[in-house]
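A quick write-up on the structure given underneath.
There are 2 protein chains.
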Amino acid sequence: MSNDDFFPLGLSDDSGERAIRSDAAANRTHILAVAAELFAQHGPEAVSMSDIVEASDVGRGTIYRHFPNKGALCLALIDEELRLFQEDWLANMREQTDETPMVQLANFLEMLLRFTQRNMPLTLESQRQGIYYFGKLEPRQFDVATVRGLMQAAVRQGELAAELDIDVAADALLAALYAPLIQYQIETRGFSIERIGEGLRSMVMQLRRT
Amino acid sequence: MSNDDFFPLGLSDDSGERAIRSDAAANRTHILAVAAELFAQHGPEAVSMSDIVEASDVGRGTIYRHFPNKGALCLALIDEELRLFQEDWLANMREQTDETPMVQLANFLEMLLRFTQRNMPLTLESQRQGIYYFGKLEPRQFDVATVRGLMQAAVRQGELAAELDIDVAADALLAALYAPLIQYQIETRGFSIERIGEGLRSMVMQLRRT
DNA sequence: TTGACAAACGGACAATTGTCCACTAAACTG
DNA sequence: CAGTTTAGTGGACAATTGTCCGTTTGTCAA
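Heads up: the protein sequence lines correspond to chains A and B, in order.
Residue 96 in my numbering is what sits at position 96 of the first sequence, and the numbering runs on without skipping anything.
Position in the second sequence (first residue = 1) + 210 = my numbering.
As structure tokens, this is what we get:
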């Protein structure tokens, strides 16, 4: 429970801290560009951190200073997509205020599923390093908060039974969207994304009390 | 869909194949013993394959011939426990024939959860190597088959809606028992096993159509 | 400007993984 | 009980990861 990056009073105290060094920022950008290039050419699995080091012509320490491992690097590469996804969802939300919370929840899960599929190679790589998926990283927080929020709303409106443990249930639902699992279902089991999406939707629908 | 180890007519043709070499069998056993010892002392995370190689005084190639990676080794180490778990469950089954399938399903998930917790270090290590969890390995097959079977029974008895996609739903439920997730919930989020178990149970209960 | 300070850099390094392949020795065979 | 076969063995090796730390270089304050 560190307090290092959390200012309850909203006084995020940036003053007194040095500005980000220009060379550091440039390096970060450069590394990301090189990585994106290599990943696009050979796929993230086939590219090692060393490959990126060589291709980007920076020191080994430099890369690891910016990205503790390949998962973090991949995450940084979908950062923009991720932001768009969140934006998309919020826009979507505003247009489906007439839907019940559980229907919205099903919609959210489907959007998230499609996002995962669309960015599968990078998502996969970033989620392999478990910490980045189960941990307190931003994208994960957004998903969990959204699912919980919708379930709470559902309870409030009597669409869900109050005895449900929402925190546990939210984790359980999101676990079904764990990229390696989705990948396995598609690749090995031959499920289509549509089928998985429909399957999750009907599950969510059945959760409602009737 | 290879047919290599599957004899539809039951003529599992072992004749014509050489017997297992005695030294190989001995080595396998020895490696497992040494690994168990080291794991017990320092925990599986802290022990490397190289450590085991040195401590067991066999060649590097030998260990990798028997166990392609640490996950496989860990899985081999809980093999017996796993067999007991399956046996336990089947015995349990016979004594709760009066329970509805969905209640049995909740019971199964709880037993599985407890198993995971009881063997957390090894389970964790063996599931990290995703292949061993999502793949077609025996333990996984048993779990999936059980969950599917119970859900199918539930549909037959009208306890579950027929429109549910059982294959997808089974995967989703089992995903909630993914060891790294459980570990995260306990360690970081501070959930108790009891809470997780209850949470999953109430979720399963809510799935029933009323 | 200049100097000091800390953040960032680079690259050597240790640790680890998994593979490869020439050799060894069980286990069948006649 | 030789001779042959082939699974199994050992250990060198290449690939990769992540760390550490002496050196460099932006930034800020004077």
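Ideal Cβ placement from N, Cα and C applies to all residues, glycine included.
Less than 9 Å divides the Cβ of B/M312 from the Cβ of B/L417. Taking a cut-off of 8 Å on C-beta distances, the region 386-395 of chain B touches the region 337-347 of chain B, as three or more cross pairs fall below it. Residues of chain A whose Cβ lies closer than 9 Å to the Cβ of B/T420 are, in chain order, R209 and T210. Shown here, B/R304 sits in a helix according to DSSP, grouped into three states. When Cβ-Cβ separations below 9 Å define contact, A/G61 makes no contact with chain B.
At a cut-off of 9 Å, the C-beta of A/M203 has a neighbouring C-beta in chain B. Between A/V144 and A/L112, the C-beta gap is not smaller than 9 Å, which leaves the two residues out of contact. For B/I241, no CB of chain A lies under 9 Å from its own CB, so it is not counted at the interface with that chain.
In the structure shown, A/G158 falls within a coil segment according to DSSP collapsed to helix, strand and coil. Between A/R65 and the set A/I31, A/D88, A/E45 and A/E80, the nearest pair of CA atoms involves A/I31.
Taking 9 Å as the threshold, the shortest C-beta distance from A/F142 to chain B does not fall below it. The Cβ of A/P180 sits closer than 9 Å to at least one Cβ of chain B.
For B/F344, the enclosing alpha helix (DSSP H) covers residues I341 to F344. The continuous alpha helix (DSSP H) containing B/F325 extends over residues P311 to R328. Taking a contact as a CB-CB distance under 8 Å, the pair B/R419 and B/A371 counts as one, their CB atoms being some 5 Å apart. Taking a Cβ-Cβ threshold of 8 Å, none of the residues of chain A is close to B/E227; the smallest such distance is about 29 Å. Only buried fits B/R411, as 16 or more other CB atoms lie within 10 angstroms of its CB.
Within the region 158-170 of chain A, A161, E163, L164, D165, V168 and A169 place their CB atoms closer than 7 Å to a CB of chain B, listed in sequence order. Rounded to whole angstroms, the separation of the alpha carbons of B/R358 and B/N302 is 17 Å. Residue state for B/V268 is assigned as coil, using DSSP reduced to three classes.
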